[in-house]
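Note sheet for the following structure.
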Amino acid sequence: MNPDVVLAIPALVESGALPPAAAPRLLRVARGELVSVHAELRALLYAGVLLLTAGVGLLVRQNLDRIGPVAVAAALGLAAAAALAWVARVAPPFSWQEVASPNLAFDYILLLGILLVAADLAYCEVQLGLPASQRQWHLLIVAGLAGLAAFRFDSRVAFSLALGTFAAWRGVALADAATSRAWDTAGAWRWNAIACGILFAGLGLGLAHWRRKAHFEPVAVHLGCLLALGGIAVGMEDPAWGAALLLAGAALAGVAYRTRRFPLFAYGVVAAYAGLTRLLAEISHDAALGCLWFGASSAAVIAGLLAAHRRMKEPA
Amino acid sequence: MTPELGRADRAAAVRAAARSWRRAGIVDDAALAAVESAFPDDRVRAGPVFRVLLFLFTIVAASGLLGFLAVGLGSHAGALATLAAVAGVALLALTEVQVGALRRRQGGTEAATSLLGIGLLLAAAAWFLLDARSLGAAAAVPALCLLAAALAGAAAWRWGYPLYAALATAAAFVALAHLPAGRAAWIALPLAAAPALLRLSESPRLPPAHRSSAMAVLLVALGGLYLAVHAGSWEVRLVERIGGRDPGPMPQMLPASAASAASLAPLAPGHGGLPWWSAMAATALVPVLLLAGGLRRRRLPLLLAGIVAAVVSLATFQQYLRLGPAWLVLTAAGALWIAAVLGSWRWLDSGPAGERHGFTAAPLLTDARRQAALEAGVTVLTLQPAAPAAATERPFEGGGGRSGGAGATGEF
Numbered sequence: 001m002n003p004d005v006v007l008a009i010p011a012l013v014e015s016g017a018l019p020p021a022a023a024p025r026l027l028r029v030a031r032g033e034l035v036s037v038h039a040e041l042r043a044l045l046y047a048g049v050l051l052l053t054a055g056v057g058l059l060v061r062q063n064l065d066r067i068g069p070v071a072v073a074a075a076l077g078l079a080a081a082a083a084l085a086w087v088a089r090v091a092p093p094f095s096w097q098e099v100a101s102p103n104l105a106f107d108y109i110l111l112l113g114i115l116l117v118a119a120d121l122a123y124c125e126v127q128l129g130l131p132a133s134q135r136q137w138h139l140l141i142v143a144g145l146a147g148l149a150a151f152r153f154d155s156r157v158a159f160s161l162a163l164g165t166f167a168a169w170r171g172v173a174l175a176d177a178a179t180s181r182a183w184d185t186a187g188a189w190r191w192n193a194i195a196c197g198i199l200f201a202g203l204g205l206g207l208a209h210w211r212r213k214a215h216f217e218p219v220a221v222h223l224g225c226l227l228a229l230g231g232i233a234v235g236m237e238d239p240a241w242g243a244a245l246l247l248a249g250a251a252l253a254g255v256a257y258r259t260r261r262f263p264l265f266a267y268g269v270v271a272a273y274a275g276l277t278r279l280l281a282e283i284s285h286d287a288a289l290g291c292l293w294f295g296a297s298s299a300a301v302i303a304g305l306l307a308a309h310r311r312m313k314e315p316a
Numbered sequence: 001m002t003p004e005l006g007r008a009d010r011a012a013a014v015r016a017a018a019r020s021w022r023r024a025g026i027v028d029d030a031a032l033a034a035v036e037s038a039f040p041d042d043r044v045r046a047g048p049v050f051r052v053l054l055f056l057f058t059i060v061a062a063s064g065l066l067g068f069l070a071v072g073l074g075s076h077a078g079a080l081a082t083l084a085a086v087a088g089v090a091l092l093a094l095t096e097v098q099v100g101a102l103r104r105r106q107g108g109t110e111a112a113t114s115l116l117g118i119g120l121l122l123a124a125a126a127w128f129l130l131d132a133r134s135l136g137a138a139a140a141v142p143a144l145c146l147l148a149a150a151l152a153g154a155a156a157w158r159w160g161y162p163l164y165a166a167l168a169t170a171a172a173f174v175a176l177a178h179l180p181a182g183r184a185a186w187i188a189l190p191l192a193a194a195p196a197l198l199r200l201s202e203s204p205r206l207p208p209a210h211r212s213s214a215m216a217v218l219l220v221a222l223g224g225l226y227l228a229v230h231a232g233s234w235e236v237r238l239v240e241r242i243g244g245r246d247p248g249p250m251p252q253m254l255p256a257s258a259a260s261a262a263s264l265a266p267l268a269p270g271h272g273g274l275p276w277w278s279a280m281a282a283t284a285l286v287p288v289l290l291l292a293g294g295l296r297r298r299r300l301p302l303l304l305a306g307i308v309a310a311v312v313s314l315a316t317f318q319q320y321l322r323l324g325p326a327w328l329v330l331t332a333a334g335a336l337w338i339a340a341v342l343g344s345w346r347w348l349d350s351g352p353a354g355e356r357h358g359f360t361a362a363p364l365l366t367d368a369r370r371q372a373a374l375e376a377g378v379t380v381l382t383l384q385p386a387a388p389a390a391a392t393e394r395p396f397e398g399g400g401g402r403s404g405g406a407g408a409t410g411e412f
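From first to last, the protein sequence lines stand for chains A and B. Residue numbers for the first sequence follow the numbering used here, so the first one is 1 and each next one is one higher. Residue numbers for the second sequence follow the numbering used here, so the first one is 1 and each next one is one higher.
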């Protein structure tokens, strides 16, 4: 409901700015007589998928002995097959370009199918007695499956799941290695995070460059930048990593400034500021000077941001 | 709120609507330009990313400078409180200058100075009441809450921040909880104010920010009402605890079959008794009323509040009534939930022109790009299949629903 828009529409029609044919429907929307629940239904579907998969997880854990392995695996497989069969039935033909989702539920039924397959696969791995050291590969398989589904069915949600699961695979693999070999994995985690970040960002840029699912680029590049910057930031106990964060953040902010990528610009500015602050912390540990630094440097950053905003012109 | 600011907000609402029409392909670029020329913007605004950055760095800058001054003052609490009071007033004045003379709106900096100003004044008041006047918490906390409600309410009214309206209402509720009839006030006031607040949230006489503020107040008040009647809140005497009264130790949350009425303190309705069942009925009734009100008035905030309350109520019933094993409740609820959403979508979609009773499942004027980015981000943050654990280490946990981000089970 928007009374100001209700008042404005007749005037806009009269002035010719708004086509008269569109006015009645827009007036209904502005008066609150027609309300779209599209976004809300999608959010509720997502919540339903979370509930159902959480319940399935508990079902398998708590009723393993009572139900029996075959019944559990078969039930999960059937449920996953039903979800994926529905997706396959309604999915439009494959295209490297963006394909409109056939309906509101498509993405989340696909997500449900992938998660049920993942649960079934994990369950079978346990039943088959796969050694613990081998189970990290489960995440890589699921990441690959989600990635394939993302490309085939043009789903950003599945693509996000694929990237997140791939990063988790690296984390779990390193955790397993640390357990078995009792080595300090902090450095390895940092480098893996940075490598994952560069890989994701490179994948995103490659997709955009070759115009193959170019609309997936923001997901990959954002996650990649966050992972890489986060990986560098984790090592900031060492001032050299503070310098690395300053350089990486400044480079990202510079590129984002030229390409008008506002969120990436924000990541870069915050990272560069954190890196610079870390370096200055090496010079002085005086509390008053520290406060003065935060006050003066932030004021300078504000001035810089206001100047950058005038040039970048981010829509309000 | 000044008339100029109100007019600027109204024009901004029309421009935002025109941009959504452009995204939906209803108007072309020329029409959008015509609307923007007919409803010009006389404010200095920043986009959402710059707004967040400017907000954060303003907070850091002001905090750093205040910290520098505080270090100079040493550890004299009175001097620090005076500094906080002076800085608070100065920051509120700076907010007024930014919103007034500098014509800033949605710029980040004015929101940061207003927030810090209110926070510093409250900190100074806390020192004055607790330290200088040596008041106990029982007397000082309600006074501080009333001051917070007054400051945040004034800021919401003057500068049009719905968040402050919500905070002011929450602070007022905490103050009310200190009254002997606090719980009754939490029930009666929202019921009495809801119709007026709902009307205000739709009133063309109010500028958009004040309409949103009225809705924010209504939602917080309804949240207070729900807390006051909720069965769990009765049992743990939540309102009385918030009000600083000591109702004794926290009772165990037990299912009806296992709890004895005699073990509960006098304020709490005993399990299985009429008051307890009344509380359970009220726990069920509030979500139903919210959903009915949202559907009848076609107000999405009420509908969403009703859905959230319904989920909390179902979890409450599971806690007290043991509707079934957790896996069954979750799986059945998830399956029913998905079925209900799909059913609603089909039902709306099959209506005349894809709508029924004023609701449609079509995106209409939704910003599809922003929604897609949001959904992808939420998926990365909340979902990933768990790696199976070795059977000898711990039982298998199926996938889905893990939180913690991309490296939740790893260390990223």
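No residue lacks a Cβ here, since even glycine has one placed at the ideal position from N, Cα and C.
Residue from B:L120, B:L116, B:A143, B:G119 whose Cα sits closest to the Cα of L129 (chain B): In the second sequence, the residue the question calls residue 129 (chain B) occupies position 129. Its Cα nearest to that of L129 (chain B), the residue B:A143 stands out among B:L120, B:L116, B:A143, B:G119.
Note down, in chain order, all residues in the stretch 126 to 157 of chain A with a beta-carbon under 7 Å from any beta-carbon belonging to chain B. Those would be V126, A132, R135, Q136, H138, L139, V142, R156, V157, in chain order.
I believe L18 (chain A) touches A13 (chain B) by the beta-carbon criterion, under 8 Å. Please report the beta-carbon distance rounded to the nearest angstrom. Residue numbering aside, residue 18 (chain A) sits at position 18 when the first sequence is read from its first letter. Residue numbering aside, residue 13 (chain B) sits at position 13 when the second sequence is read from its first letter. Between A13 (chain B) and L18 (chain A) the Cβ distance is about 15 Å, and since that is not below 8 Å, they are no contact.
Under the three-state reduction of DSSP, which class applies to S36 (chain A): helix, strand or coil? Working through the first sequence from its first residue, we reach residue 36 (chain A) at position 36. Strand at S36 (chain A).
Please confirm whether Q62 (chain A) has its beta-carbon closer than 8 Å to some beta-carbon of chain B. In the first sequence, counting from the first residue as 1, residue 62 (chain A) sits at position 62. With 8 Å as the cut-off, Q62 (chain A) counts as an interface residue toward chain B.
Kindly list, in the order they appear in chain A, the residues whose Cβ is closer than 7 Å to that of A335 (chain B). On the second sequence, residue 335 (chain B) is found 335 positions in, with the first residue counted as 1. Neighbours of A335 (chain B) on chain A, chain order: L52.
State the DSSP-derived secondary structure class of E314 (chain A), mapped to helix, strand or coil. Position 314 of the first sequence, counted from the first residue, corresponds to residue 314 (chain A). Correct three-state label for E314 (chain A): coil.
For L179 (chain B) and A124 (chain B), what's the separation of their Cα atoms in angstroms? Stepping through the second sequence from its first residue, residue 179 (chain B) is reached at position 179. Stepping through the second sequence from its first residue, residue 124 (chain B) is reached at position 124. Each residue's alpha carbon lies about 25 Å from the other.
I want to see whether chain A comes within less than 8 Å of P255 (chain B), judged by CB atoms only; does it? By one-based count along the second sequence, residue 255 (chain B) stands at place 255. Reliability fails at P255 (chain B), whose pLDDT of 48 lies under 50, so the model's placement of it is uncertain and no value is given.
I'd like the list of long-range same chain contacts for P266 (chain B), defined as Cβ closer than 7 Å, with 5 residues on each side in sequence excluded. Position 266 of the second sequence, counting from 1, holds the residue named residue 266 (chain B). Bear in mind that the predicted position of P266 (chain B) carries a pLDDT of just 41, short of 50, making it too unreliable to give a figure here.
In angstroms, rounded to a whole number, what distance separates the CA positions of R133 (chain B) and F166 (chain A)? What you label residue 133 (chain B) is simply residue 133 of the second sequence in a count that begins at 1. What you label residue 166 (chain A) is simply residue 166 of the first sequence in a count that begins at 1. In this structure, the straight-line span from the alpha carbon of R133 (chain B) to that of F166 (chain A) is close to 59 Å.
Got a sec, what are the start and stop residues for the alpha helix (DSSP H) G67 (chain B) sits in? As a first step, residue 67 (chain B) is located in the second sequence; it is residue number 67 there, counting from the start. Element bounds for G67 (chain B): 48 to 73.
So with CB distances below 8 Å, who are the chain B contacts of L205 (chain A)? Translated into the one-based positions of the first sequence, residue 205 (chain A) becomes position 205. What L205 (chain A) touches in chain B: nothing, since even the nearest Cβ is about 17 Å away.
Does S350 (chain B) come within less than 8 Å of chain A when only Cβ atoms are used? Here residue 350 (chain B) refers to the residue found at position 350 when the second sequence is read from its first residue. So no, S350 (chain B) is outside the interface.
Report, in whole angstroms, the separation of the C-beta atoms of A248 (chain A) and I232 (chain A), which I expect to be a contact under 8 Å. Along the first sequence, one-based indexing puts residue 248 (chain A) at 248. Along the first sequence, one-based indexing puts residue 232 (chain A) at 232. Under the criterion of beta carbons closer than 8 Å, A248 (chain A) and I232 (chain A) qualify as touching, at roughly 6 Å.
Is A258 (chain B) buried or exposed, if buried means 16 or more other CB atoms sit within 10 Å of its CB? Sequence index remark: in the second sequence, residue 258 (chain B) carries index 258 (1-based). Legend: pLDDT at A258 (chain B) = 47, less than 50; position of this residue unreliable, value from coordinates given subsequently. Exposed, because fewer than 16 other Cβ atoms sit within 10 Å of the Cβ of A258 (chain B).
Nearest by alpha-carbon distance to T58 (chain B): which of B:V308, B:L94, B:G306 is it? As a working note, residue 58 (chain B) is residue 58 in the second sequence. Among B:V308, B:L94, B:G306, the Cα nearest to that of T58 (chain B) is on B:L94.
Taking the C-alpha atoms as reference points, what is the distance between R103 (chain B) and W293 (chain A)? Position 103 of the second sequence, counted from the start, is the residue given in the question as residue 103 (chain B). Position 293 of the first sequence, counted from the start, is the residue given in the question as residue 293 (chain A). Roughly 29 Å separates the two Cα atoms.
Going by Cα to Cα distance, which pick from A:G113, A:A122, A:R190, A:W189 is closest to S155 (chain A)? As a first step, residue 155 (chain A) is located in the first sequence; it is residue number 155 there, counting from the start. In terms of CA proximity to S155 (chain A), A:G113 leads the group A:G113, A:A122, A:R190, A:W189.
Starting from F173 (chain B), trace the alpha helix (DSSP H) both ways and give me its first and last residue. What you label residue 173 (chain B) is simply residue 173 of the second sequence in a count that begins at 1. In the DSSP assignment, F173 (chain B) falls within the unbroken alpha helix (DSSP H) covering 162 to 177.
The stretch 337 to 369 of chain B: positions lying closer than 7 Å to chain A by Cβ: Within the stretch 337 to 369 of chain B, W337, I338, V341, L342, S344, W345, E355, G358, F359, T360, A361, A362, P363, L364, L365, T366 place their CB atoms closer than 7 Å to a CB of chain A, listed in sequence order.
Identify the contact partners of P10 (chain A) in chain B, using a Cβ-Cβ distance below 7 Å as the criterion. For the purposes of this step, residue 10 (chain A) is taken as residue 10 along the first sequence, with counting starting at 1. Within chain B, no C-beta atom comes less than 7 Å from the C-beta of P10 (chain A); the nearest is roughly 12 Å away.
Any contact between the stretch 196 to 212 of chain B and the stretch 169 to 185 of chain B? By contact I mean 3 or more CB pairs, one from each, below 8 Å. Taking 8 Å as the limit for Cβ pairs, the verdict is that the stretch 169 to 185 of chain B does not touch the stretch 196 to 212 of chain B.
Based on Cα-Cα distance, which residue from B:A216, B:S313, B:D367, B:A150 lies nearest to L122 (chain B)? For this step, residue 122 (chain B) is matched to residue 122 along the second sequence. Nearest option by C-alpha distance: B:A150.
Residues of its chain near R298 (chain B), where Cβ-Cβ distance is below 6 Å and the 5 sequence neighbours each way are ignored: Taking the first residue of the second sequence as 1, we reach residue 298 (chain B) at position 298. For R298 (chain B), where only same-chain residues beyond five positions count, the Cβ hits under 6 Å are G358.
Check whether the stretch 51 to 58 of chain A touches the stretch 330 to 347 of chain B, counting contact only when three or more Cβ pairs, one atom from each stretch, lie closer than 8 Å. Yes: the two stretches touch, three or more of their Cβ pairs being nearer than 8 Å.
The alpha helix (DSSP H) spanning V99 (chain A) covers which residue range? The residue you call residue 99 (chain A) lines up with position 99 of the first sequence. Unbroken run through V99 (chain A): none, as it is neither H nor E.
What is the rounded straight-line gap between the Cα of V239 (chain B) and the Cα of A177 (chain B)? Within the second sequence, numbered from 1, the residue matching residue 239 (chain B) stands at position 239. Within the second sequence, numbered from 1, the residue matching residue 177 (chain B) stands at position 177. About 6 Å.
Could you tell me the distance, in whole angstroms, from the CA atom of I307 (chain B) to the CA atom of Y46 (chain A)? Position 307 of the second sequence, counted from the first residue, corresponds to residue 307 (chain B). Position 46 of the first sequence, counted from the first residue, corresponds to residue 46 (chain A). Going by C-alpha positions, I307 (chain B) is about 14 Å away from Y46 (chain A).
When the cut-off is 8 Å and only beta carbons count, does G32 (chain A) lie next to chain B? Within the first sequence, numbered from 1, the residue matching residue 32 (chain A) stands at position 32. The beta-carbon of G32 (chain A) is placed less than 8 Å from the nearest beta-carbon of chain B.
Do G108 (chain B) and A46 (chain B) come within 8 Å of each other at the CB atom, strictly closer than that value? Here residue 46 (chain B) refers to the residue found at position 46 of the second sequence. Here residue 108 (chain B) refers to the residue found at position 108 of the second sequence. For A46 (chain B) and G108 (chain B), yes; Cβs fall inside 8 Å.
Taking 8 Å as the cut-off, decide whether the C-beta atoms of A216 (chain B) and M280 (chain B) are in contact. One-based indexing of the second sequence puts residue 216 (chain B) at position 216. One-based indexing of the second sequence puts residue 280 (chain B) at position 280. Cβ atoms of A216 (chain B) and M280 (chain B): not closer than 8 Å.
Grab me the residues of L395 (chain A)'s own chain with a C-beta within less than 6 Å of its C-beta, minus the 5 sequence neighbours each way, in chain order. Beyond the ends of chain A as shown, which are 1 and 316, falls residue 395 (chain A); an answer cannot be given.
Give the range of the alpha helix (DSSP H) segment to which A18 (chain B) is assigned. In the second sequence, the residue the question calls residue 18 (chain B) occupies position 18. Unbroken alpha helix (DSSP H) run through A18 (chain B): 3 to 23.
With distances taken between CB atoms, is the gap from D176 (chain A) to Q136 (chain A) smaller than 8 Å? The residue given as residue 176 (chain A) occupies position 176 in the first sequence. The residue given as residue 136 (chain A) occupies position 136 in the first sequence. Going by C-beta atoms, D176 (chain A) is nearer than 8 Å to Q136 (chain A).
At least one CB of chain B closer than 8 Å to the CB of M1 (chain A): is that the case? Your numbering for residue 1 (chain A) matches position 1 in the first sequence. By this cut-off, M1 (chain A) is an interface position.
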